[in-house]
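Numbering (the UniProt record's numbering), first residue to last: 1 to 792. No residue lacks a Cβ here, since even glycine has one placed at the ideal position from N, Cα and C. One structure is given here, and the rest of the page talks about it.
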DNA sequence: GGCTGCGTACAGGGC
DNA sequence: GTACGCAGCC
């Protein structure tokens with residue numbers, strides 16, 4: 001007992017009072033309002049550990065839902081540290097991932113073979129998950145088949161359908177006015193699109209949640225099973241839940257039963273409105289769950305006060321937020337640094353140079369630094385600059401590896417192996433590698449399949465029945481059908497993912513066809529396919545390890561399950577999913593997990609991807625109106641705070657600022673290439689909202705607020721600048737590599753041929769200035785043109 | 001039937 | 001700048 005008590009103290013000792021309150025909260029709903037850096041993950045993981053260790057809750061009774069895979073992975077790791085192998089019995093996953101697993105189990109359940117849920121008709125446990133690209137293809141096909149007026153772009157229709165799904169509305173539940181021609185188009189396409197998905201034994205991301213809600217609503221027996229099992233549900237990042245996710249929670253944890261539902265979130269960090277998240281979910285939680293307790297976490301453990309002040313200055317302009325203000329007992333810390341640059345290339349170079357500087361000072365390691373940007377399109381030039389400056393970096397983009405064409409081809413084959421009905425996958429690879437099945441043949445195949453109401457795979461079984469095909473086409477089609485059929489048969493028998501991938505690569509000759517091509521690029525792609533096989537092998541190993549871990553716990557120490565719950569399924573949700581299906585599931589939902597570990601590397605990512613992370617030094621690039629805040633938010637309404645879109649950009653800025661522990665650099669470029677044209681954007685309005693003294697600039701003005709838009713003047717060159725605001729120090733240093741400006745004597749520079757050196761004197765300004773540099777040693781003094789120098 | 005080259009539309013974030 | 005679709009040629 002003493003030991004246990006000690007351990008309990010151990011679990012609580014470094015928590016503050018509100019954190020303890022949340023961890024120890026007994027039964028019933030709880031809302032934890034947690035500001036940035038207030039230790040929210042710690043609260044969730046400790047609470048889970050406490051439930052298991054000291055309140056006798058079986059791990060398999062706990063469902064912890066996060067919003068992103070990264071968050072789920074981190075939470076799982078921390079729980080393994082706290083609980084050991086027992087943690088593998090917990091269900092810790094994203095909404096999409098757990099929904100998918102529950103759906104698959106239900107479709108497999110013999111008692112549910114005739115489930116009579118209309119929305120699920122056509123789905124088997126081997127359904128595949130279509131991504132955005134597949135979705136768009138299918139929308140185009142649905143538009144054709146529904147013969148809708150082409151008054152809308154497919155992409156826009158897809159966006160609207162996604163919106164309907166996020167709002168938990170099926171095609172029939174759409175609210176459409178009869179005179180709303182566009183609404184009618186969306187609804188008709190939505191109907192046809194769902195039909196095509198079911199015919200292909202496929203779902204999209206939205207379906208995962210929507211169909212589960214449909215199932216749980218129509219099958220009380222299934223609902224009860226999960227209500228009974230999950231006695232404790234914890235939701236992270238609750239501010240980002242959308243209506244269909246909220247509905248799912250309310251089904252599993254009905255408000256009137258005072259469920260043990262703990263939701264944790266921060267309305268100031270709600271940044272997913274664009275994909276249907278509703279801040280109201282968190283704002284109205286206490287009303288929806290009567291008797292809910294509310295705990296506020298306002299002490300920040302992460303950032304120096306200056307950074308918190310800056311973040312607060314921005315976020316306080318939003319009108320609709322829950323009252324709270326972060327505080328910290330940490331010191332004021334360093335000033336924020338504003339980097340003004342000529343263009344995005346200069347910006348990227350300056351960031352790389354600053355990173356070098358911080359690293360050389362020795363206080364901050366590469367892995368403690370991150371560079372954020374608003375849109376993915378900004379990442380390329382940053383990457384180039386990092387490579388040139390030899391800064392080790394990791395691009396945290398989620399799933400770059402699985403987005404490569406050859407890897408997607410391989411994945412398409414795998415998906416056909418488990419689900420030959422998947423037309424989108426079949427169309428993708430029917431002629432990859434080239435096997436003489438061209439557009440004409442495919443078109444005839446598609447027509448035939450449509451007329452007969454079968455899948456393309458089934459249609460290809462008897463190609464001689466397809467009108468218009470010559471004997472060569474018939475022969476090739478039947479060869480292709482034999483290939484898929486053989487792979488499908490193999491998949492039925494295979495015991496692990498790797499052997500299935502191996503067999504697929506063998507039979508399809510994907511690797512050989514790339515190797516015969518012989519180009520450097522094709523060799524890289526062949527290498528990627530081998531890496532894909534490696535990923536499958538690693539997946540098998542992890543799965544085996546997890547299975548062992550799960551089976552070794554709970555053998556001796558399991559308390560009896562109450563008799564009325566004797567038939568309760570306590571197995572991991574992944575338990576009976578065949579390995580190949582599980583591997584595909586991971587590819588679809590999780591992406592490239594390995595890309596995210598970047599030991600000794602600077603992290604490059606979007607602001608959205610940054611949520612939940614922290615770094616000693618943070619660079620936020622592209623601080624310009626039109627980039628950040630994004631141009632779409634600029635014209636969003638006439639209200640004081642710029643409308644809901646602008647409010648969301650502001651929250652995103654708040655998220656970005658509060659990732660920094662000690663150093664925060666904000667950077668902008670006077671002009672930048674966007675959409676292939678040169679744009680002159682005014683400085684971000686968020687910069688003007690930060691008090692100047694936080695930048696350590698007292699007498700000089702910051703860039704004026706966007707209304708005056710000083711940088712929008714065309715053809716303005718930084719070197720010509722003689723009036724208006726400027727920050728000399730950053731200007732001159734930013735200019736290196738692109739030329740020089742200001743007093744550069746003594747500055748460290750690098751030359752491709754001569755190496756490192758120090759500037760002695762300079763003759764002239766800008767890129768063509770002649771500079772005398774002391775390179776030391778054998779090289780000595782050299783006269784070089786400034787544009788050939790790199791930041792030291 | 002397959003390939004190349006040109007033109008157009010496009011890029012907001014992620015499960 | 002990139003991705004896709006289409007026309008025209010082999």
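Following the continuous alpha helix (DSSP H) through residue i, name the residue where it begins and the one where it ends.
i, result
"residue 189", "181 to 199"
"residue 207", "205 to 218"
"residue 516", "510 to 517"
"residue 149", "Premise fails: residue 149 is in no alpha helix (DSSP H) and is neither H nor E."
"residue 20", "17 to 24"
"residue 104", "95 to 108"
"residue 588", "579 to 589"
"residue 450", "439 to 452"
"residue 794", "In the structure as shown, the chain begins at 1 and stops at 792. Residue 794 is therefore absent and cannot be evaluated."
"residue 429", "423 to 429"
"residue 251", "243 to 252"
Thinking residue i and residue j are a contact (beta carbons under 8 Å), I'd like their distance in whole angstroms, please.
i, j, result
"residue 653", "residue 314", "5 Å"
"residue 261", "residue 226", "In fact, because the Cβ distance is near 13 Å, the residues do not count as touching under 8 Å."
"residue 59", "residue 52", "5 Å"
"residue 467", "residue 456", "Residue 467 to residue 456, Cβ: 16 Å. No contact."
"residue 116", "residue 264", "About 37 Å separates the two Cβ atoms, so there is no contact after all."
"residue 272", "residue 240", "4 Å"
"residue 604", "residue 396", "7 Å"
"residue 126", "residue 418", "5 Å"
"residue 483", "residue 507", "6 Å"
"residue 826", "residue 136", "Outside the displayed range of the chain (1 to 792) lies residue 826, so it cannot be described from this structure."
Between which residues of its own chain and residue i is the CB-CB distance below 8 Å, once the five residues before and five after are set aside?
i, result
"residue 14", "none"
"residue 707", "For residue 707, the predicted model reports a pLDDT of 42, less than 50, meaning its position is unreliable; a value from the coordinates is still stated below. Nothing listed; no residue qualifies."
"residue 722", "Confidence at residue 722 is low in this model, with a pLDDT of 30, below 50, so the placement of that residue should be treated as unreliable; the coordinate-derived value is given next. Closer than 8 Å at Cβ, skipping near neighbours: no residue."
"residue 180", "none"
"residue 627", "374, 375, 378, 672, 674, 681 and 684"
"residue 121", "198"
"residue 695", "335, 336, 337, 338 and 702"
"residue 255", "29, 288, 289 and 290"
Suppose the cutoff is 7 Å on Cβ atoms and the five residues either side in sequence are ignored; what does the same chain contact list for residue i look like?
i, result
"residue 168", "210, 213, 243, 244 and 247"
"residue 565", "228"
"residue 430", "437, 442 and 480"
"residue 175", "none"
"residue 16", "299"
"residue 296", "18, 33 and 324"
"residue 61", "229, 230, 231 and 232"
"residue 496", "540 and 579"
"residue 502", "533"
"residue 218", "117"
"residue 355", "369, 391 and 602"
Leaving out the 5 sequence neighbours to the left and right, which residues in its chain are closer than 6 Å to residue i when beta-carbon positions are compared?
i, result
"residue 729", "Because residue 729 sits at a pLDDT of 28, beneath the cut-off of 50, its placement in the model cannot be relied upon, and the following sentence gives the value as read from the coordinates. Cβ within range, chain order: n/a, list empty."
"residue 12", "20"
"residue 337", "665"
"residue 718", "Note on residue 718: pLDDT 33, under 50, position unreliable in the model; no value is reported."
"residue 7", "none"
"residue 556", "At residue 556, the pLDDT of 45 sits below 50, so the modelled position is not reliable; the number obtained from the coordinates is stated separately. None."
"residue 112", "106"
Looking at the secondary structure, which residues open and close the beta strand (DSSP E) in which residue i lies?
i, result
"residue 605", "602 to 606"
"residue 490", "From DSSP, residue 490 is part of no beta strand (DSSP E) but of the alpha helix (DSSP H) over 471 to 493."
"residue 394", "393 to 395"
"residue 306", "Where residue 306 is concerned, there is no enclosing beta strand (DSSP E), although the alpha helix (DSSP H) it sits in stretches over 305 to 315."
"residue 279", "Careful: residue 279 lies outside any beta strand (DSSP E) and carries neither H nor E."
Item to check | Segments of 4+ residues assigned as alpha helix (DSSP H) that fall wholly inside the stretch 322 to 359 | outcome: none
Next on the checklist: Three or more C-beta pairs under 8 Å: does that hold for the stretch 338 to 345 against the stretch 663 to 670?
Outcome noted: yes
Checklist entry - Are three or more beta carbon pairs between the stretch 89 to 107 and the stretch 304 to 320 nearer than 8 Å? => result no
Item to check | Segments assigned beta strand (DSSP E), at least 3 residues, entirely inside the stretch 30 to 93 | outcome: 30 to 34 and 62 to 66
Item to check | At least three beta-carbon pairs within less than 8 Å, the stretch 96 to 104 to the stretch 390 to 408 | outcome: no
Item to check | Residue ranges of each beta strand (DSSP E) within the stretch 357 to 389, 3 or longer | outcome: 369 to 373
Checklist entry - Okay, do the stretch 611 to 620 and the stretch 656 to 663 touch, 3+ Cβ pairs below 8 Å being the bar? => result yes
Checklist entry - Is it true that the stretch 514 to 526 meets the stretch 534 to 545, where meeting means three or more beta-carbon pairs spaced less than 8 Å apart? => result no
Checklist entry - How about the stretch 345 to 352 and the stretch 375 to 389: do they share at least three Cβ pairs that are nearer than 8 Å? => result yes
Item to check | Every unbroken beta strand (DSSP E) within the stretch 116 to 140, with a cutoff of 3 residues, ordered by chain | outcome: 128 to 130
Item to check | Ordered list of alpha helix (DSSP H) runs contained in the stretch 620 to 668, each at least 4 residues | outcome: 631 to 634 and 643 to 657
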